[in-house]
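Once you know that position 106 of the sequence shown is 106 in this note's numbering, the rest is easy, because the numbers rise by one and skip nothing.
As structure tokens, the structure follows; a few thoughts come after it.
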Amino acid sequence: MCAESKLWGEVRRYMRAKSGCKGGQGTSQLSQHFHRCYGFDVSAAQIQEAKASHHEDNTRYEVCGAESMPSIASNSVQLVTAFESAQYFVWNSFVDECTRVLVDGAVVAVIGYWLPDPIDPSHPSDRSLIDLMDSCYNDTRLTPYKSPKATIQLVVDHYRDVKFPSNYEFLHIDNIVGPQTVVAHDMVGLVESWSAYQALRRADKDTADSMSRDISDKLMDILKTTDLSAKEIVFNYTYFIAMARKLHN
Numbered sequence: 001m002c003a004e005s006k007l008w009g010e011v012r013r014y015m016r017a018k019s020g021c022k023g024g025q026g027t028s029q030l031s032q033h034f035h036r037c038y039g040f041d042v043s044a045a046q047i048q049e050a051k052a053s054h055h056e057d058n059t060r061y062e063v064c065g066a067e068s069m070p071s072i073a074s075n076s077v078q079l080v081t082a083f084e085s086a087q088y089f090v091w092n093s094f095v096d097e098c099t100r101v102l103v104d105g106a107v108v109a110v111i112g113y114w115l116p117d118p119i120d121p122s123h124p125s126d127r128s129l130i131d132l133m134d135s136c137y138n139d140t141r142l143t144p145y146k147s148p149k150a151t152i153q154l155v156v157d158h159y160r161d162v163k164f165p166s167n168y169e170f171l172h173i174d175n176i177v178g179p180q181t182v183v184a185h186d187m188v189g190l191v192e193s194w195s196a197y198q199a200l201r202r203a204d205k206d207t208a209d210s211m212s213r214d215i216s217d218k219l220m221d222i223l224k225t226t227d228l229s230a231k232e233i234v235f236n237y238t239y240f241i242a243m244a245r246k247l248h249n
């Protein structure tokens, strides 16, 4: 999908840039399909993690915002992607920068997902894990640290309302379900990876630790196990993509 689109034909696989690359996992995978890749993130810690974990010769990681990619020459990139980060961008500035760096016919794709639906394969019709995930997201201990509602709403609406200028051809793809087998303890880890949880932990470590213990206890009760690292569950992620082909400057 990132390297070519069935509707639009093939994207020439020369250079690709990724904004909001986080730890570099997606950038590393796509580097196999492009001559050169760049991974950008505003977090120096994320870029350091990407550099430590991924060593592809054709990939470069830099601390950089999505709205300005000074390392990228104008009219030189075939694909710009942003995974689960577009809601934090200054959107019009990001699109202007994409227009600068993309060649004619190239694509910008912003990909996101909402909370996964966790399922116990032994009891696939039981919604207890889904209800627990929802309760984690709505936990009042996280409320003071959540992003502004307008930012979250862009994700809730599956990026349907992102706007591209008239020199782009737009396509929205929704409800791409991707199951992922994990162990139950990964559900605790997922919550702990949320930016709101991380902010809570920085402000009040004891409360954050208490929240993690509460989730673990509820998981053990639902799954009837004392070893969350041994019990497999399935995360059903629903992905959505807003992408556009640049027709001309």
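Ideal Cβ positions, reconstructed from N, Cα and C, are used throughout, including at glycine.
Contact under 7 Å by Cβ, residue i with residue j
i      : j      : result
Ala242 : Val156 : no
Asn249 : Val177 : no
Met69  : Glu97  : yes
Val188 : Tyr197 : no
His185 : Ser229 : yes
Phe240 : His123 : no
Phe94  : Glu62  : no
Arg141 : Thr207 : yes
Thr238 : Asn175 : yes
Gly65  : Glu84  : no
Cutoff 7 Å; reference residue i; Cβ partners in own chain excluding five residues on either side
i      : result
Leu129 : Pro118, Ile119, Asp120, Ile222 and Ile233
Lys22  : Reliability of the predicted coordinates at Lys22 is poor, the pLDDT of 47 falling under 50, and the value obtained from them is presented with this limitation in mind. Excluding sequence neighbours, Lys22 sits near Asp41 and Gln46.
Met220 : Thr226 and Leu228
Phe164 : Val95, Phe170 and Ala244
Lys6   : Low local confidence applies: a pLDDT of 31 at Lys6 is under 50, so the model's placement there is unreliable, and no value is given.
Pro144 : none
Trp91  : Val162
Integer Cβ distance of residue i from residue j, believed to fall under 8 Å
i      : j      : result
Leu247 : Asp104 : 7 Å
Tyr137 : Leu115 : 6 Å
Thr151 : Gln87  : 5 Å
Glu56  : Ser31  : 4 Å
Contacting residues, own chain, Cβ-Cβ under 6 Å from residue i (five flanking each side not counted)
i      : result
Val108 : Val80, Cys98 and Ala244
Leu102 : Val77 and Lys246
Met1   : Low confidence applies to Met1: its pLDDT is 27, below 50, so where it sits in the model is not reliable, and the reading given next is rough at best. Correct list: empty, nothing qualifies.
Ser195 : none
Range of the contiguous beta strand (DSSP E) that encloses residue i
i      : result
Ala106 : Leu102 to Tyr113
Thr151 : Not the beta strand (DSSP E): Thr151 falls in the alpha helix (DSSP H), residues Lys149 to Val156.
Ile119 : Asp117 to Ile119
Lys246 : Glu232 to Lys246
Gln180 : Tyr168 to Val183
Tyr38  : Arg36 to Asp41
Glu252 : In the structure as shown, the chain starts at 1 and stops at 249, and residue 252 therefore has no counterpart that could be examined.
Arg60  : Thr59 to Val63
Enclosing alpha helix (DSSP H) for residue i [first to last residue]
i      : result
Ala284 : For the chain, the structure presents residues 1 to 249; residue 284 sits outside this window and is missing.
Ile72  : Where Ile72 is concerned, there is no enclosing alpha helix (DSSP H), given that its DSSP letter is neither H nor E.
Glu49  : Ala44 to Ser53
Tyr137 : Ser128 to Tyr137
Residue i: CB within 6 Å of a non-hydrogen atom of the ligand FAD
i     : result
Glu62 : This structure does not include the ligand FAD; it has no bound ligands of any sort.
Cβ neighbours of residue i in the same chain (closer than 8 Å, five flanking residues each side left out)
i      : result
Asn58  : Ser31, Phe34, His35, Arg36 and Cys37
Val183 : Leu228, Ser229, Ala230, Lys231, Glu232 and Ile233
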